[in-house]
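Residue 32 is where the sequence shown starts when you use our numbering, and the numbers rise one by one after that.
C-beta: ideal position from N, C-alpha, C; glycine also.
Quick caveat: nothing in here was measured; it's all calculated off a predicted structure.
Quick notes on the structure that follows.
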Amino acid sequence: MDHHQQELRHAAAQAFIASLDQLADCLEDPTAPASNQTLNQEQPASTVVNAVATETSSLQALAAAAADIEAFMQANATLRRNLLAE
Numbered sequence: 032m033d034h035h036q037q038e039l040r041h042a043a044a045q046a047f048i049a050s051l052d053q054l055a056d057c058l059e060d061p062t063a064p065a066s067n068q069t070l071n072q073e074q075p076a077s078t079v080v081n082a083v084a085t086e087t088s089s090l091q092a093l094a095a096a097a098a099d100i101e102a103f104m105q106a107n108a109t110l111r112r113n114l115l116a117e
């Protein structure tokens, strides 16, 4: 493995770790309602709006983390194919 491939692999690993950190942050968000809590009509509208905004934000962050993980996996597969071809 040459120096350039090592740099690419290191960058991909760093992106992967950052994605895992972001994913963990999404899962540990203290502002998100607990899974056993449900919103009902008796709760103020602002609570419902805040919960929806929080969930949307968490889902967007989760989607970004998933995209980073997918990119890492693709880069890793490409690197593996290149190494096997040598």
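Original post:
Excluding sequence positions up to five away, which residues of its chain have a Cβ less than 6 Å from the Cβ of Leu93?
Top reply: So the qualifying residues of the chain are Cys57.
Original post:
Among Asp52, His34, Ala46 and Glu38, which one has its Cα closest to the Cα of Met104?
Top reply: Nearest C-alpha to Met104: Ala46.
Original post:
If we call anything under 8 Å between Cβ atoms a contact, is Ala39 one with Ala106?
Top reply: According to the sequence as given, residue 39 is Leu; it is not Ala. In this structure, Ala106 lies closer than 8 Å to Leu39 by Cβ.
Original post:
Of the residues Arg111, Leu114, Ala96 and Leu110, which one's Cα is nearest the Cα of Ile48?
Top reply: Distance from the Cα of Ile48 is smallest, within the candidate group Arg111, Leu114, Ala96 and Leu110, for Ala96.
Original post:
Can you tell me the Cα-Cα spacing of His35 and Ala102, whole angstroms?
Top reply: Roughly 18 Å separates the two Cα atoms.
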